[in-house]
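> Below are the structure tokens for one structure; questions will follow.
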Amino acid sequence: MKKIHNHIKISFVIFLAVLILTCITHKIYYRNVFFTGTYINNNYVGKMSIEESLTFFKEEHFKEENVTLTLDEQKWEVPLEQFLLADFNDLNLALVNIKREQRVINPLKYFTIIRNHKKEHAKYNLDLFDNQAIKKKLDEIAQEVNYEPLDANMSVRNGDVEISNHQRGKVLNIEQTKAVIISNMQAGLYTTNVELKVKEPEVTADDLKTLNVTDKVTSVSSNFTDSTENRIYNIKKAGNKIDHFLLWPGQEFSFNEVVGKANKENGYKESLIIVDSEFVPGYGGGVCQVSSNLYNAALKTNLEIIERHNHGRPVSYFDLGWDATIAYPYLDLKFKNNSPYGVLIDIHYTETEIITDFYSFPPAFPKVELVQSDYEKVEFEVKYKKNIELEPGEESVVSEGKDGYKISTWRNIIFSDGSVYKEKLFSDFYKPVPKVIEKNPEDME
Numbered sequence: 015m016k017k018i019h020n021h022i023k024i025s026f027v028i029f030l031a032v033l034i035l036t037c038i039t040h041k042i043y044y045r046n047v048f049f050t051g052t053y054i055n056n057n058y059v060g061k062m063s064i065e066e067s068l069t070f071f072k073e074e075h076f077k078e079e080n081v082t083l084t085l086d087e088q089k090w091e092v093p094l095e096q097f098l099l100a101d102f103n104d105l106n107l108a109l110v111n112i113k114r115e116q117r118v119i120n121p122l123k124y125f126t127i128i129r130n131h132k133k134e135h136a137k138y139n140l141d142l143f144d145n146q147a148i149k150k151k152l153d154e155i156a157q158e159v160n161y162e163p164l165d166a167n168m169s170v171r172n173g174d175v176e177i178s179n180h181q182r183g184k185v186l187n188i189e190q191t192k193a194v195i196i197s198n199m200q201a202g203l204y205t206t207n208v209e210l211k212v213k214e215p216e217v218t219a220d221d222l223k224t225l226n227v228t229d230k231v232t233s234v235s236s237n238f239t240d241s242t243e244n245r246i247y248n249i250k251k252a253g254n255k256i257d258h259f260l261l262w263p264g265q266e267f268s269f270n271e272v273v274g275k276a277n278k279e280n281g282y283k284e285s286l287i288i289v290d291s292e293f294v295p296g297y298g299g300g301v302c303q304v305s306s307n308l309y310n311a312a313l314k315t316n317l318e319i320i321e322r323h324n325h326g327r328p329v330s331y332f333d334l335g336w337d338a339t340i341a342y343p344y345l346d347l348k349f350k351n352n353s354p355y356g357v358l359i360d361i362h363y364t365e366t367e368i369i370t371d372f373y374s375f376p377p378a379f380p381k382v383e384l385v386q387s388d389y390e391k392v393e394f395e396v397k398y399k400k401n402i403e404l405e406p407g408e409e410s411v412v413s414e415g416k417d418g419y420k421i422s423t424w425r426n427i428i429f430s431d432g433s434v435y436k437e438k439l440f441s442d443f444y445k446p447v448p449k450v451i452e453k454n455p456e457d458m459e
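For what it's worth, this note's numbering labels the leading residue of the sequence shown as 15, then goes sequentially.
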């Protein structure tokens, strides 16, 4: 029994000695090489030293090579070095750090680690490639090859509403292509097919059909017969910005957002505008006739008015209370499509008029009457100014006075059952302009 016990002890000591010797041998062997089963960027480096791995990566990745990107018959070539993030010294340091991770102080753990590496492999990833540089190149290619989708469009021709078909686009799939390029380069492959993906339009013909825009609901016109050539030019320039604008259900229209600033930089010409109740030269004169046309069309279509301002002086093209001035970005005209249907704005011109038509689904819109009330005339004052160059008793009229006005406006909404809803719109005040007369100072004492 004692002999058996001693035999077991001796066997255990021998096994332990062999195990320790094996661990020490493995530790010495793997001191300067990567463990079996080690992969770096999908490249097998097991049992390679750092120097051997450096040579391998230098031959595979740090070489004079072009990366070729292709799309059908098109081809783009980029020097490999442009896509590399790290230089050779950076790679050396990264490999040293990986090897440092594989050093284990306890030699008894080596068997477990080596066995796991053989069984499951140890995979490390180094950032060898510059994602930003690759993306920048793909962005450049995208500028060449992308073609954006076209939304379906709604327009009016000869009084009929027409819908044009949408078109799908194709754009470079940058993220996916970038990932394939990097994967290929890691595998030593330097040719990659550029991938395009279909891009759907935001608005399809079916989308527009659901809006049920079928016919004209409202038409408003105003005359510009006495306007200068510049003023008519400005009217048409602003009107063309709005022509064929489609208001979706619940959408808000902002004149300033759609038309922008009517200044010289945006191509508008000089004409008379109203500033502080006075007509003075300025760029964009005539634009307010477009906004006034729109305001009246929105009223008659029973759309919700969100913002509107009257001029400082009465205008010739609309009666008191029915004008709408614009002063970018402070004064705007805003209204909202409060119907469940689309509202299409169509603007066109004759030799003497601007015509604004709103198209939608006529049976859904009530009849609207626009009414004025509380009319009041505010007579102008007479102001005297001293002028020493005038003789006593002599007068000089500097500017003629203009009466002011107060007016209230209403919208009577007449429904199909004959009921009427009276909506108060605005109470407007058009300031009077004083008459200014110059006199000799002695006459003013």
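Beta carbons are placed, not taken as given, at the ideal position from N, Cα and C, and that holds for glycine.
Work out the CA separation of residue 146 and residue 195 for me, nearest whole Å.
Stepping through the sequence shown from its first residue, residue 195 is reached at position 181. Stepping through the sequence shown from its first residue, residue 146 is reached at position 132. Rounded to the nearest angstrom, the two C-alpha atoms are 13 Å apart.
> Thinking C-alpha only, which one of 83, 53, 233, 190 is nearest residue 363?
Reading the sequence shown from its first residue, position 349 is the one you call residue 363. Ranking the options by Cα distance to residue 363, first place goes to 233.
> If you follow the alpha helix (DSSP H) that residue 253 is in, where does it begin and where does it stop?
In the sequence shown, residue 253 corresponds to position 239, counting from 1. For residue 253, the uninterrupted alpha helix (DSSP H) run begins and ends at 243-256, by DSSP.
> Let me know if residue 119 comes out buried or exposed under the rule of 16 or more other beta-carbons within 10 Å of its beta-carbon.
The residue given as residue 119 occupies position 105 in the sequence shown. Confidence at residue 119 is low in this model, with a pLDDT of 46, below 50, so the placement of that residue should be treated as unreliable; the coordinate-derived value is given next. Flag for residue 119 reads exposed.
> What are the boundary residues of the alpha helix (DSSP H) that residue 386 is part of?
If you number the sequence shown from 1, residue 386 lands on position 372. Counting along the chain, residue 386 falls outside any alpha helix (DSSP H), though it belongs to the beta strand (DSSP E) covering 381-392.
> So which of 453, 189, 304 has the shortest CA-CA distance to residue 156?
In the sequence shown, residue 156 corresponds to position 142, counting from 1. With distances taken between Cα atoms, residue 156 lies closest to 189.
> Give me the DSSP bridge partner(s) of residue 362.
Residue 362 sits at position 348 when you count from the first residue of the sequence shown. Per DSSP, 369.
> Just the C-alpha distance for residue 449 and residue 397, rounded to the nearest angstrom, thanks.
On the sequence shown, residue 449 is found 435 positions in, with the first residue counted as 1. On the sequence shown, residue 397 is found 383 positions in, with the first residue counted as 1. Near 6 Å, if we compare the C-alpha coordinates of residue 397 and residue 449.
> Hey, could you find the ends of the beta strand (DSSP E) residue 233 is sitting in?
For the purposes of this step, residue 233 is taken as residue 219 along the sequence shown, with counting starting at 1. 229-237 is the span of the beta strand (DSSP E), which, as asked, contains residue 233.
> Does chain C have any CB closer than 9 Å to the CB of residue 140?
Included in the structure is just one protein chain, with no chain C present.
> With contact counted as at least three CB pairs below 8 Å, one residue from each stretch, are the region 339-349 and the region 297-306 in contact?
yes
> Which of helix, strand or coil does DSSP assign to residue 438?
In the sequence shown, counting from the first residue as 1, residue 438 sits at position 424. If DSSP states are grouped into helix, strand and coil, residue 438 belongs with the strands.
> Nearest CA to the CA of residue 315: which residue from 287, 383, 67, 191?
Here residue 315 corresponds to residue number 301 of the sequence shown, with the count starting at 1. Taking only the C-alpha atoms, the option nearest residue 315 is 383.
> Count the other CB atoms within 10 Å of the CB of residue 421; is the residue buried (16 or more) or exposed (fewer)?
Mapped onto the sequence shown, residue 421 falls at position 407. It is buried - the Cβ of residue 421 has at least 16 other Cβ atoms within 10 Å.
> Go ahead and pull the three-state DSSP assignment for residue 88.
As a position in the sequence shown, residue 88 is number 74, starting the count at 1. Here residue 88 sits in strand by DSSP.
> Quick check: the region 174-190 against the region 150-166, are at least 3 beta-carbon pairs closer than 8 Å?
Yes, the region 150-166 touches the region 174-190.
> Flag this pair as touching only if the region 384-393 and the region 242-256 have three or more C-beta atom pairs under 8 Å; answer yes or no.
no
> Look up residue 395 in the DSSP assignment and say whether it is helix, strand or coil.
On the sequence shown, position 381 is the one that residue 395 refers to. Coil.
> Taking 6 Å as the limit between beta carbons, can you name the residues of its chain near residue 258, skipping five residues before and five after?
What you label residue 258 is simply residue 244 of the sequence shown in a count that begins at 1. Cβ neighbours of residue 258 beyond the five flanking positions: 169.
> When DSSP labels each residue in this structure, what does residue 83 get in the three-state scheme?
As a position in the sequence shown, residue 83 is number 69, starting the count at 1. Strand, per DSSP.
> Given this structure, state the Cα-to-Cα distance separating residue 236 from residue 274, to the nearest angstrom.
The residue given as residue 236 occupies position 222 in the sequence shown. The residue given as residue 274 occupies position 260 in the sequence shown. Cα to Cα, residue 236 sits roughly 22 Å from residue 274.
> So within the region 141-169, which uninterrupted beta strand (DSSP E) runs reach at least 3 residues, ignoring any that extend past its ends?
Counting whole runs of 3 or more residues, the region 141-169 contains no beta strand (DSSP E) stretch at all.
> Is the Cβ-Cβ distance between residue 347 and residue 309 less than 9 Å?
Counted from its first residue, the sequence shown places residue 347 at position 333. Counted from its first residue, the sequence shown places residue 309 at position 295. Taking 9 Å as the Cβ cut-off, residue 347 and residue 309 qualify as a contacting pair.
> Per DSSP, residue 261 is paired with what?
Start at 1 with the first residue of the sequence shown, and residue 261 comes out as number 247. DSSP lists 357 as partners of residue 261.
> Express the C-alpha separation of residue 414 and residue 446 in angstroms, rounding to a whole number.
Numbered from 1 along the sequence shown, position 432 holds the residue referred to as residue 446. Numbered from 1 along the sequence shown, position 400 holds the residue referred to as residue 414. Taking the straight line joining both Cα atoms gives about 11 Å.
> Starting from the C-beta of residue 454, find all residues in its chain whose C-beta is less than 8 Å away, skip the five residues before and the five after it, and write them out in chain order.
For the purposes of this step, residue 454 is taken as the residue at position 440 of the sequence shown. If we look at residue 454 and ignore the five residues flanking it on each side, its Cβ neighbours are 400, 401, 402, 404, 405, 406, 407, 408.
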